[in-house]
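Right, one structure below, let's go through it.
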Amino acid sequence: MKSNFDHCAALVRETDRDRYLATLFAPEARREGLFALYAFNGEIARVRDVAREPMPGEIRLQWWREVLEGKRDGEAAAHPVAAALMATVKRHKLSQETLIALIDARTFDLYDDPFPTLDDLDNYAVLTWSALLSLAAQILGAANEASGILLRHAGIALAIDHLLLSLPRHASRHQLYVPLEVLQRHGAKSDELFAGHDSEQLKAALAELRRHARRQLHAAMMEAGQVPVQLMPALLPLALVGPQLARMDRRGYEPFRPEPLSRLRRQWLLWRAARDPKRIFAV
-17 MKSNFDHCAA LVRETDRDRY LATLFAPEAR REGLFALYAF NGEIARVRDV
33 AREPMPGEIR LQWWREVLEG KRDGEAAAHP VAAALMATVK RHKLSQETLI
83 ALIDARTFDL YDDPFPTLDD LDNYAVLTWS ALLSLAAQIL GAANEASGIL
133 LRHAGIALAI DHLLLSLPRH ASRHQLYVPL EVLQRHGAKS DELFAGHDSE
183 QLKAALAELR RHARRQLHAA MMEAGQVPVQ LMPALLPLAL VGPQLARMDR
233 RGYEPFRPEP LSRLRRQWLL WRAARDPKRI FAV
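For the sequence shown, our numbering begins at -17 and goes up steadily by one.
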């Protein structure tokens, strides 16, 4: 069993370094569960990249549903991420309903249908990014009503930051995460986005998304005073959102050539926020 968790830790270190580093600030007894959760999240978040077509992707997501429902026990035992996840579900009494809802929400990633409204994007973010934070809070023993409100806002901010950085990859395969109502509000067109046309209208639409992300950061900060300090390792990646959005605000920002924060700066921001948790919500 230990080797399964070691596999998860190595996978997270390779594919989700920010969460890997953040998890190192968690109590040692909680790290294995976090690594298993984040490795599972990586598996379902990259289904579109691996499957390429909707039907194989649907089959992969259905396999994970059946693992959680106890219908694939033999196969799950031989799969290091699935085995570690199921052990974590049992050890920390994770909500299987939340995990299955997270899988269901990821079905959206398999298709090219757009979000009609900003509320639709928010709902997707809550079912995926916020849900992941909520599950991490359960592992850390830090779940309560106040943290639930904070995690909702934090998940939306994290999702928007990720989608803005992933815009070139999504556009190249005609996948649209910028809500249609936001594009229309600024006169931007999805066809231009898919063609990689860096118009002023598109920049205005993306600027609105950044403002929305900042509002979510501020709303999360307003709840932070009632949140258990044990939750901090799950929230640390949020400390990267404000600085990344600020970089996108600079003159000359090119949406199809986003500049992620360097690995060294990301690591420094995480370390600084761990020492002073107020910096997690910097906008």
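Note that CB positions come from ideal geometry on N, CA and C, so glycine has one too.
Nearest neighbour of residue i, chosen from the options [CA to CA]
i: Ala268; options: Gln157, Ser172, Asp143; result: The structure shown does not extend to residue 268, since the chain is modelled only from -17 to 265, so the question has no answer here.
i: Met230; options: Leu220, Leu222, Glu(-4), Glu241; result: Glu241
i: Ala119; options: Thr80, Asp104, Ala177, His156; result: Thr80
i: Glu51; options: Val71, Arg167, Gln212; result: Val71
i: Asn105; options: His179, Asn(-14), Ala83; result: Ala83
i: Tyr93; options: Leu146, Gly169, Pro38, Gln198; result: Pro38
i: Gly274; options: Arg257, Leu109, Ala18; result: Because the chain is modelled from -17 through 265, residue 274 falls outside the range shown and cannot be assessed.
i: Lys260; options: Gln208, Arg247, Arg193; result: Gln208
i: Ala8; options: Leu217, Ile262, Gln226, Glu48; result: Leu217
i: Ala141; options: Glu163, Arg167, Arg73, Ala113; result: Ala113
i: His74; options: Leu16, Ser(-15), Lys185; result: Leu16
i: Glu40; options: Asp91, Leu191, Ala65, Leu213; result: Asp91
i: Gln249; options: Arg1, Glu163, Leu(-7), Cys(-10); result: Arg1
i: Leu162; options: Leu191, Ser148, Arg257; result: Leu191
Alpha-carbon to alpha-carbon, residue j and residue i
i: Gly123; j: Tyr20; result: 17 Å
i: Pro98; j: Arg30; result: 21 Å
i: Asn126; j: Val160; result: 32 Å
i: Asp(-12); j: Ala59; result: 15 Å
i: Leu165; j: Val265; result: 24 Å
i: Asp101; j: Ala189; result: 17 Å
i: Thr89; j: Ala11; result: 33 Å
i: Ala255; j: Ser244; result: 16 Å
i: Ile26; j: Ala170; result: 31 Å
i: Leu220; j: Asp173; result: 32 Å
i: Gln44; j: Leu117; result: 20 Å
i: His156; j: Arg34; result: 12 Å
i: Ser(-15); j: Pro62; result: 8 Å
Simplified DSSP state of residue i, which is helix, strand or coil
i: Glu57; result: helix
i: Pro259; result: helix
i: Asp173; result: helix
i: Gly178; result: coil
i: Val71; result: helix
i: Phe90; result: helix
i: Gly137; result: helix
Span of the alpha helix (DSSP H), counted from its first residue to its last, around residue i
i: Gln198; result: 182 to 205
i: Glu241; result: No alpha helix (DSSP H) holds Glu241; DSSP gives it neither H nor E.
i: Val223; result: 223 to 231
i: Ala125; result: Run containing Ala125: none; DSSP gives neither H nor E here.
i: Trp46; result: 36 to 50
i: Asp104; result: 100 to 107
i: Gln166; result: 162 to 167
i: Val(-6); result: -16 to -3
i: Gln208; result: Premise fails: Gln208 is in no alpha helix (DSSP H) and is neither H nor E.
i: Asp264; result: For clarity, residue 264 is Ala in the given sequence; the question names Asp instead. Run containing Ala264: none; DSSP gives neither H nor E here.
query = Touching or not, the stretch 188 to 206 and the stretch 123 to 135, by the rule of three or more beta carbon pairs under 8 Å?
reply = yes
message = Quick test of the definition: if touching needs 3 or more C-beta pairs under 8 Å, does the stretch 237 to 251 touch the stretch 177 to 194?
response = yes
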